[in-house]
Structure formats: C-alpha cells, structure tokens
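Scroll down for the structure; my scribbles are underneath it.
Residue numbers (my numbering): 35 to 266.
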C-alpha cells in the first residue's frame, strides 16, 4: 500500500503565501516550539508532490484527531480502500511521468552523441560507444575474465557527478564482465596505464530503468576511466 510518513505532513501552502505570512512572524524561542515547527516543515516537504490531492484543513484535522485519540472520521476498512485507490492513482501518474522523461532523455541523448561524435579525437564503435583517449598506456589489455583496478569519475551529460573513486580516495576493483556493457567494451580496448573518456549510450548503460535518483531512464553517461592494473 502507498504509505505516507507522518514525519512529513504540515504546511501545504503556496510559497508566496508562506513568505507573506512569515514576514512579520516572531522568531521561535522555545526548544519544543522549534522541534514542532521543524517536524511540520519536514512533513510538508515530503508531501509536495501530492499538494493537488490534499485538503490542508482536513490533513490538519486528521493529525489532531489521531494525536488526541479521537474517534476517526473515516473507518479503518474504508481508509485502506481509499489509500489503495490513491496509491494506484499516484503510481499511474508516476509511470506516465517516467515515460515522458524517458522519451525526452532519448532525444537529448541522441542529439548529444551525434554532436559529440563529430569532435576531434572521439571514436565511435559499432555498438555506439564513444571514447576519447586522454592518455595512452603501454601495459597489457585486460580480458573478459580479468579483474581490474581503476580510478573513475561518472557524470551525466549536464555535468552532474554521480560517482567518483577519486573523491573516495581509493581505486575501485571489479570484474571486466561485471559492469555495464559500455564499460566492458571500453576496458577491453584499454591498455594498463591508459586514461579514456567514455560517452556511453543508455542501451550500453542502465537503459530505461535508470539507476537511483541520479541516473534517469535512458540517460547517456560520461566517464573518465583510468586503468591502473589487472588483478588475475
């Protein structure tokens, strides 16, 4: 069932209304008042996506009735039915939103790769992977069955970083055939000591499913990869 955490509920007002009301508001002095207010603002933040579906007065009444252990105005059985319906409605809306985002990402990604492929030094393979050699090493090439040690930095095409072994201050190790397809293909091309910049189409990365909040559906990914060694 769709669930809403009560730690995230109050203050469902238009931002301009909040600013207007709070211009002359007195600062909170009491610790308990501050805690209560902060919980209220956190409640509001978690419900921002449902603003159009919620009546603020009823929401506050529900909190008060539950808090004061009053007889609730919606029976438990009906409440479960209503929330199942609400959950289905919200899930459908999210799926439709994801479809639009995915479609837009394909168009943006294709345009990016088309332009990027024309840049000096960028090589496009048969699969669609693009790479730029930043430093050419003279060590051996890994095989699919090898485990490699690398330093890397990953971003989306708008420059937002989602992962970096450099920031962690420690290289990463993993099997060549245990990563996304674009990485596997690139690693097989690299010599130890090389540093490549990879431009990976979504179908060679995480595809329509994406990966967490930072990598959306059908996202083209950019990686700087430094092959440090092969671990047999």
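Even glycine gets a Cβ: it sits at the ideal position worked out from N, Cα and C.
Cβ shell of residue i (< 7 Å), same chain only, five flanking positions each side left out
i: residue 327; result: Past the boundaries of the shown model lies residue 327; the chain is included only from 35 to 266, so the question cannot be answered.
i: residue 202; result: none
i: residue 151; result: 158, 164
i: residue 174; result: 225, 226, 264
i: residue 71; result: 62
Endpoints, beta strand (DSSP E) assigned at residue i
i: residue 242; result: Unbroken run through residue 242: none, as it is neither H nor E.
Cβ shell of residue i (< 6 Å), same chain only, five flanking positions each side left out
i: residue 171; result: 225, 226, 227, 228
i: residue 180; result: 210, 264
i: residue 195; result: 189
i: residue 239; result: 214, 216, 255
Unbroken alpha helix (DSSP H) run spanning residue i, endpoints
i: residue 74; result: 65-80
Residue i, DSSP secondary structure in three states
i: residue 226; result: coil
i: residue 254; result: coil
i: residue 263; result: strand
i: residue 234; result: strand
i: residue 88; result: coil
Contact set for residue i: own chain, Cβ-Cβ below 8 Å, skip 5 residues either direction
i: residue 218; result: 178, 210, 211
i: residue 242; result: 136, 236, 251, 252
i: residue 99; result: 105, 106, 107
query = Would you say the segment 129-142 touches the segment 249-257, given that touching needs at least three Cβ pairs under 8 Å?
reply = yes
task = Please specify which runs of the beta strand (DSSP E), each continuous and at least 3 residues long, are wholly inside the segment 93-136, giving them in chain order.
result = none
ask   = Which ranges would you report for the alpha helix (DSSP H) in the segment 155-218 if only whole runs of at least 4 residues count?
value = 199-202
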